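**Q**
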Amino acid sequence: MADIELHHVTKDFPVRNWRSLLSGRVRRVRALDGVSFSVEKGEIMGLLGPNGAGKTTLLKILATLIVPDDGTVSVLGLDGAEDGKRIRERVGFVNTNARSFYWRLSGRDNLAFFGKLHNLSGRKLARRLDYLFDLVGMSGKGGARFGTCSSGERQRLAIARALLGDPQVLLMDEATSNLDPIGSRDLLEFIKTELSRRQKKTILWCTHNLAEAEQLCDRVTILHHGQVIGCREPGKLKEAVAGRQCYCFSVDRVDDILAGLDGFVQEGEDDGRVVCRCYVEDEDVPELIGRLVDNRVLIYECRKLERPLEESFAELVNSQDHTGGLDGTAA
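Basically our numbering = 1-based index in the sequence shown + 5.
1) Does the beta-carbon of residue 178 have 16 or more other beta-carbons within 10 angstroms, so that it is buried, or is it exposed?
2) In the structure shown, what three-state DSSP assignment does residue 43 receive?
3) At 4 residues or longer, what runs of the alpha helix (DSSP H) sit wholly inside the segment 59-91?
4) Identify, in the order they occur along the chain, each residue of the same chain with its Cβ nearer than 7 angstroms to the Cβ of residue 164, setting aside the five sequence neighbours on each side.
5) With which residues is residue 252 paired in a DSSP beta bridge?
6) Taking 9 angstroms as the cut-off, decide whether the C-beta atoms of residue 11 and residue 210 are in contact.
7) Would you check if the distance between the CB atom of residue 9 and the CB atom of residue 43 is smaller than 9 angstroms?
8) Measure the alpha-carbon distance for residue 50 versus residue 223 and round it to whole angstroms.
9) Would you give the residue range spanned by the alpha helix (DSSP H) that residue 23 belongs to?
10) If residue 280 and residue 253 are in contact, beta carbons under 8 angstroms, what's the gap, nearest whole angstrom?
11) Provide the residue(s) that pair with residue 211 in DSSP beta bridges, ordered along the chain.
12) From the DSSP output, in three-state form, read off residue 218 for me.
13) Looking at residue 14: is its Cβ nearer than 9 angstroms to the Cβ of residue 81?
14) To the nearest angstrom, how far is it from the Cα of residue 24 to the Cα of residue 36?
15) Taking its Cβ as the centre, do 16 or more other Cβ atoms sit within 10 Å of residue 31, making it buried, or is it exposed?
16) Starting from residue 231, trace the alpha helix (DSSP H) both ways and give me its first and last residue.
17) Taking only the alpha-carbon atoms, compute the straight-line gap between residue 335 and residue 60 and give it to the nearest angstrom.
18) Nearest CA to the CA of residue 108: which residue from 90, 149, 74, 83?
19) Counting pairs of Cβ atoms below 8 angstroms between the segment 299-310 and the segment 255-264, do you hit three or more?
20) Give the secondary structure of residue 17 by DSSP, where H, G and I count as helix, E and B as strand, and everything else as coil.
21) Could you compute how far the alpha carbon of residue 69 sits from the alpha carbon of residue 85?
22) Pick out whichever of 217, 38, 162 has its Cα sitting closest to the Cα of residue 116.
23) Which partner residues does residue 271 have in the DSSP bridge list?
24) Could you check where the beta strand (DSSP E) with residue 98 kicks off and where it finishes?
25) Near residue 79, which residues of its chain fall below 7 angstroms by C-beta distance, leaving aside the five closest residues on each side in sequence?
26) Could you give the residue range of the alpha helix (DSSP H) that holds residue 189?
27) Which whole-angstrom value is the C-beta distance of residue 168 and residue 97, which I expect to be below 8 angstroms?
28) Secondary structure at residue 149, three-state DSSP: helix, strand or coil?
29) Within the continuous alpha helix (DSSP H) that includes residue 115, where are the two ends?
30) In terms of alpha-carbon separation, which member of 21, 125, 266, 259 lies closest to residue 301?
31) Tell me the rounded alpha-carbon separation between residue 19 and residue 235.
32) In the structure shown, what three-state DSSP assignment does residue 259 receive?
33) Compute the Euclidean distance between the alpha carbons of residue 286 and residue 237, then round it to the nearest angstrom.
34) Could you check the C-alpha separation between residue 156 and residue 270 for me, to the nearest Å?
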């Protein structure tokens, strides 16, 4: 059994404004619409999607902070509708809301308070705090008041708080949003090496940074208008979005064959060689090369360029209204 399982999860929220007050009718907005997917033990699943796609709502449902209107949720084999307390004891939730900390207390006092909510006390709590401050790179900084900490330090404290109960499942909402590039790199390495590979924790990683998801995640799930429109490994997601791939050619001259290809761009010349790129389907490349040779075009190089995940993500989201998901079917 997977550590996280969702089956046809749906959630609506009421929209109250002056019109609803006057008419007495409350309009409802659907945040999640029949979401189904699973996350295996020790897997890092990326959760991607544009603003308003339903990502944060989904994380809060998994953390049992809100209840779905329909569908079933299972975390570590526990039913989200019946075992909320037991799930919260086994799940760590990281978000960017610093207001959930006590600003006048030190970072260590904050974590000590939350640690007692996990039934930690005395030497066991002290050892756990020492371990976590060292783990997130804040050894010797626990005495500073939370209000004086930098945004990056606050984010590290949020991660340490989520790990207090040694949870098997981590829900991480924009965990690198307040970190500098070096801090982000160190955190990603820590998540992948320590928490995922060594401690075998299951992680749902919600992010807007697609390069980050490509580097970190075993699979990515894309939400759009509250629906899952793709769930693949990052590399396979790029392959599935479209047959056309970007190729770079180095030739002695540009003829009408190259110039007529989709997305043709001439990037420059280097020692008599013209460098250009265009979009072409993989299976059409041999025929294209043959046509260029027949037209007496000298080819120095032909190589396939890696498509960025951002490009695949944008193409998938933009095509959703026309196809309904990968391969023209709902995912």
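For glycine and all other residues, C-beta sits at the position ideal for the given N, C-alpha and C.
The model shown is predicted, which means the values in this text are computed figures rather than measured ones.
**A** Per the coordinate set shown:
1) In the sequence shown, the residue the question calls residue 178 occupies position 173. It counts as buried.
2) As a first step, residue 43 is located in the sequence shown; it is residue number 38 there, counting from the start. In this structure, residue 43 counts as strand in the three-state DSSP scheme.
3) 60-67
4) Translated into positions along the sequence shown, residue 164 becomes position 159. Excluding residues within five positions, the ones whose Cβ falls inside 7 angstroms are 99, 141, 180.
5) One-based indexing of the sequence shown puts residue 252 at position 247. BP columns for residue 252 point to 283, 309.
6) Within the sequence shown, the letter at position 6 stands for residue 11. Within the sequence shown, the letter at position 205 stands for residue 210. Their beta carbons are not under 9 angstroms apart, which means residue 11 does not touch residue 210 by this criterion.
7) Within the sequence shown, numbered from 1, the residue matching residue 9 stands at position 4. Within the sequence shown, numbered from 1, the residue matching residue 43 stands at position 38. Cβ atoms of residue 9 and residue 43: closer than 9 angstroms.
8) Residue mapping note: residue 50 aligns to position 45 of the sequence shown, counting from 1. Residue mapping note: residue 223 aligns to position 218 of the sequence shown, counting from 1. Distance between the alpha carbons of residue 50 and residue 223 is about 6 angstroms.
9) Locating residue 23 in the sequence shown gives position 18, where the first residue counts as 1. Its alpha helix (DSSP H) spans residues 23-28.
10) Here the question's residue 280 lines up with position 275 in the sequence shown. Here the question's residue 253 lines up with position 248 in the sequence shown. Indeed they touch by this definition, with Cβ atoms about 7 angstroms apart.
11) As a working note, residue 211 is residue 206 in the sequence shown. DSSP lists 52, 178 as partners of residue 211.
12) On the sequence shown, residue 218 is found 213 positions in, with the first residue counted as 1. Residue 218 falls in the helix class under three-state DSSP.
13) For the purposes of this step, residue 14 is taken as residue 9 along the sequence shown, with counting starting at 1. For the purposes of this step, residue 81 is taken as residue 76 along the sequence shown, with counting starting at 1. Not in contact: residue 14 and residue 81 (Cβ atoms no closer than 9 angstroms).
14) Here residue 24 refers to the residue found at position 19 of the sequence shown. Here residue 36 refers to the residue found at position 31 of the sequence shown. Distance between the alpha carbons of residue 24 and residue 36 is about 21 angstroms.
15) By 1-based counting over the sequence shown, the position of residue 31 is 26. Looking at its Cβ environment, which holds fewer than 16 other Cβ atoms inside 10 Å, residue 31 is exposed.
16) Here residue 231 is taken as the residue at index 226 of the sequence shown, counted from 1. No alpha helix (DSSP H) contains residue 231, which DSSP labels as neither H nor E.
17) In the sequence shown, the residue the question calls residue 335 occupies position 330. In the sequence shown, the residue the question calls residue 60 occupies position 55. With a pLDDT of 38 at residue 335, under the threshold of 50, the predicted position of this residue should be treated as unreliable, though the coordinate-derived value follows. So the alpha carbons of these two residues sit roughly 18 angstroms apart.
18) As a first step, residue 108 must be located in the sequence shown, where it is residue number 103. For the residues 90, 149, 74, 83, the minimum Cα distance to residue 108 belongs to 149.
19) yes
20) In the sequence shown, residue 17 corresponds to position 12, counting from 1. Note: residue 17 maps to strand in three-state DSSP.
21) The count along the sequence shown starts at 1 and reaches residue 69 at position 64. The count along the sequence shown starts at 1 and reaches residue 85 at position 80. Distance between the alpha carbons of residue 69 and residue 85 is about 6 angstroms.
22) On the sequence shown, residue 116 is found 111 positions in, with the first residue counted as 1. When only C-alpha atoms are compared, the closest one is 162.
23) By 1-based counting over the sequence shown, the position of residue 271 is 266. Residue 271 is bridged to 281.
24) Along the sequence shown, one-based indexing puts residue 98 at 93. It spans 96-99 - the beta strand (DSSP E) in which residue 98 sits, taken as one unbroken run.
25) Working through the sequence shown from its first residue, we reach residue 79 at position 74. Hits under 7 angstroms: 10, 85.
26) Position 184 of the sequence shown, counted from the first residue, corresponds to residue 189. Start and end: 186-195.
27) Stepping through the sequence shown from its first residue, residue 168 is reached at position 163. Stepping through the sequence shown from its first residue, residue 97 is reached at position 92. Yes, they are in contact, since the Cβ atoms of residue 168 and residue 97 sit about 6 angstroms apart, within 8 angstroms.
28) Residue numbering aside, residue 149 sits at position 144 when the sequence shown is read from its first letter. If DSSP states are grouped into helix, strand and coil, residue 149 belongs with coil.
29) Stepping through the sequence shown from its first residue, residue 115 is reached at position 110. First-last of the alpha helix (DSSP H) with residue 115: 112-122.
30) Along the sequence shown, one-based indexing puts residue 301 at 296. Of the candidates 21, 125, 266, 259, the one whose C-alpha sits nearest the C-alpha of residue 301 is 259.
31) The residue given as residue 19 occupies position 14 in the sequence shown. The residue given as residue 235 occupies position 230 in the sequence shown. About 28 angstroms.
32) Residue mapping note: residue 259 aligns to position 254 of the sequence shown, counting from 1. The answer is coil: DSSP assigns residue 259 none of H, G, I, E or B.
33) Locating residue 286 in the sequence shown gives position 281, counting from the first residue. Locating residue 237 in the sequence shown gives position 232, counting from the first residue. Their backbone Cα atoms lie some 21 angstroms apart in a straight line.
34) Residue 156 sits at position 151 when you count from the first residue of the sequence shown. Residue 270 sits at position 265 when you count from the first residue of the sequence shown. Each residue's alpha carbon lies about 42 angstroms from the other.
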